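Asks:
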Amino acid sequence: MPQHVQPSPPPLHPVPSPVRTAPLAPPAPGPSPSGPPLPRRIVFLARRDLGNPAAGGSELLVDKIADGLTAHGHDVTLLCGGPAPKLSAPREQGGTPVERSYRVISAGGDAGHFLRAPRELPRRVGDCDLLVEVCNGMPYLAPLWHRGPTLCLVNHVHTDLWGMRYPRPAARLGRRLEHWALAGTHRRNLMVAVSGSTAAALHTLGVDRDRIRLVHNGVEEPGRLAPKAPEPLFVAMGRLVEYKRIDLLLRLWERVRPVTGGRLVIVGDGPERARLTALAGPDVTFTGRISEHRKHQLLCSAWLLLHPSLVEGWGLVVMEAAARRTPAVGFDIPGLRDSVEHGVTGLLARGESAFAAHWCTLALSSRRRETFALAAEQRAAHFRWSHTVADFRAVAAEAFLTAPPGR
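Numbered according to this note's numbering, the sequence shown spans residues 3 to 409.
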């Protein structure tokens, strides 16, 4: 069951704790076993569909939840920005066609759909039992214009990212708008956080602890694992944008490479790719977007996953790598503190020099690397998409059945 959160900053050193806890007390109301699932009609309001070239972890999470809800009998629609295929049309996930089980409706362009969503929801979708606003930075402010049960899903709070992407006046406005939306407009609604770090950030903004529910990301069963590469192979994977800090990784590679040797493979695409390619030194390969099969092969054969991101809600690729016995090296930041168990499934660094030292240490110690790899695989086994869907269904039922009158 999803957890009532009492968020506190997790320590750097590992603390044994169960991944899935006892049911809520009192337990959240669930769907009736004899009747149709409640809420039956669920609409997700999100910036992108998984088929969008700029899609990332948030889009994958929504897709997995929506697909799982549909399998349980819910009628699910995604209203988003950008182009959207028709119901059951195939979408691309890393270049691999996947059948869609839920509706996807475009409300307009990447920016314009934020303004058009209040009109497009009743016109294109109609009534719904529950609206799920996926708030990733720019909010929809759904409680101001939607009358009905509403749930807010948050991957991470963008406080530090506004200044990286926009000039100071716009960044200040964006931060205030996001904070007001989360702590103000949704003050009567339940909030879903994907990690303890996100829950703590929400509480810092003023969201009451008793309104936060924790629903972890899942990971697919990896299937048969391929052997590790005979020579050092290091992989970084994600959208090539500023806050992922691949440029920092390339600078550190120049310090690490003479010590470890091997290759650095960077998977993904994005607006930073041309600049990063120009910065890359020897033994660096950029693959662009790859198929799920190729991703599986790379994560299996990699010695380490490198994750130099500035902020994450969770870090989906960390658990994808862990399921394939690949430990991670990252920074001690929100999100990665949740997905990487420091000193057990990987190492977290407080600075650039520590990151390079951790990288070298694990690359040169096969025994420690293998110990971390087995622990990572065991931990990843606790995180499955079926758990994510079950936990989200419980929160959705709670939001529907306990919505304030008039909502």
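Ideal Cβ placement from N, Cα and C applies to all residues, glycine included. All figures in this text were calculated on a predicted structure; none of them were measured in a lab.
Going by beta carbon distance, what residues of the same chain come within less than 8 Å of R257, once the five residues before and after it are set aside?
Replies: A358
Asks: Using the rule of at least 16 other Cβ atoms within 10 Å of the residue's Cβ for burial, across every protein chain shown, is E480 buried or exposed?
Replies: Outside the displayed range of the chain (3 to 409) lies residue 480, so it cannot be described from this structure.
Asks: Would the stretch 198 to 208 count as touching the stretch 277 to 297 if we require 3 or more Cβ pairs under 8 Å?
Replies: no
Asks: Between T289 and the rest of its own chain, which residues show a CB-CB distance below 6 Å, the 5 nearest in sequence each way excluded?
Replies: The residues are V269.
Asks: Find the nearest neighbour of E122 within the set W305, L47, T347, judged by alpha-carbon distance.
Replies: L47
Asks: Only counting the same chain, and skipping five residues up and downstream in sequence, which positions put a Cβ closer than 6 Å to that of S103?
Replies: Excluding the 5 residues flanking it on each side, S103 has same chain C-beta neighbours closer than 6 Å at D69, T72, in chain order.
Asks: Ordered along the chain, which non-local residues of its own chain (more than five positions away) have a Cβ less than 8 Å from that of P273?
Replies: L242, V243
Asks: In angstroms, rounded to a whole number, what distance separates the CA positions of V342 and R189?
Replies: 31 Å
Asks: Taking DSSP's pairing of strands, which residues face D77 in a bridge?
Replies: R43
Asks: Report all residues from its chain with a CB closer than 6 Å to the CB of N157; omit the five preceding and five following residues, and keep chain order.
Replies: Excluding residues within five positions, the ones whose Cβ falls inside 6 Å are S60, N138, V196, G315.
Asks: What residue does the beta strand (DSSP E) around E135 start on, and which one ends it?
Replies: 132 to 136
Asks: Alpha carbon to alpha carbon, what distance is there between R277 and L349?
Replies: 28 Å
Asks: Pick out whichever of R174, M239, C154, T347 has its Cα sitting closest to the Cα of G186.
Replies: C154
Asks: Given C362, which residues of its chain have a CB within under 8 Å of its CB, disregarding the five upstream and five downstream residues?
Replies: V258, V261, T262
Asks: Since C382 and A325 should fall inside the 8 Å C-beta cutoff, what is the C-beta to C-beta distance between them, to a whole number of angstroms?
Replies: Sequence check: residue 382 is Ala here, not Cys. Taking C-beta atoms under 8 Å as the contact rule, A382 and A325 qualify, at a distance of about 4 Å.
Asks: Give the DSSP-derived three-state secondary structure of V286 in the structure shown.
Replies: Residue state, collapsed to three classes: strand.
Asks: Along the alpha helix (DSSP H) that carries H360, what are the first and last residues, could you check?
Replies: 354 to 366
Asks: From the DSSP output, in three-state form, read off V331 for me.
Replies: strand
Asks: I'd like the list of long-range same chain contacts for T347, defined as Cβ closer than 8 Å, with 5 residues on each side in sequence excluded.
Replies: A324, P329, A330, F374, A377, A378, R381
Asks: Quick one: what does DSSP say Y245 is sitting in, helix, strand or coil?
Replies: Under the three-state reduction of DSSP output, Y245 falls in the helix class.
Asks: Where P41 and A144 are concerned, what is the direct C-alpha to C-alpha distance, given to the nearest angstrom?
Replies: 18 Å
Asks: Locate the alpha helix (DSSP H) running through T279, then write down its first and last residues.
Replies: Element bounds for T279: 275 to 281.
Asks: I need the DSSP call for A30, collapsed to helix, strand or coil.
Replies: Note that A30 scores a pLDDT of 45, beneath 50, so its modelled location is shaky; the value from the coordinates is reported in the next line. Three-state result, A30: coil.
Asks: When DSSP labels each residue in this structure, what does A238 get in the three-state scheme?
Replies: strand
Asks: Tell me which same chain residues have a C-beta within less than 8 Å of the C-beta of R247, skipping the five on either side of it?
Replies: P310, S311, L312
Asks: Given that a residue counts as buried once 16 or more other Cβ atoms are within 10 Å of its Cβ, and exposed if not, what is P232?
Replies: exposed
Asks: Which residues mark the beginning and the end of the beta strand (DSSP E) in which H309 is found?
Replies: 306 to 309
Asks: For G266, list the residues DSSP reports as bridge partners.
Replies: Here the sequence assigns Leu to residue 266, which means Gly is not the residue at that position. Bridge partners of L266: F236, V286.
Asks: When burial is assigned at 16 or more other CB atoms within 10 Å of the CB, is E223 buried or exposed?
Replies: exposed
Asks: Helix, strand or coil: which one does DSSP assign to S103?
Replies: coil
Asks: On the three-state DSSP scale, how would you describe H158?
Replies: coil
Asks: Are there 16 or more other CB atoms within 10 angstroms of the CB of A405, so buried, or fewer, so exposed?
Replies: buried
Asks: Quick check on the DSSP output: the alpha helix (DSSP H) that includes A351 runs from which residue to which?
Replies: Where A351 is concerned, there is no enclosing alpha helix (DSSP H), although the beta strand (DSSP E) it sits in stretches over 348 to 351.
Asks: How many whole angstroms separate the CB atoms of L235 and R265, which I take to be in contact at a CB cut-off of 8 Å?
Replies: 6 Å
Asks: Would you mind sorting T390 into buried or exposed? The rule is 16 or more other CB atoms within 10 Å of its CB.
Replies: buried
Asks: What number of angstroms, rounded off, separates the C-alpha of L132 from the C-alpha of M321?
Replies: 30 Å
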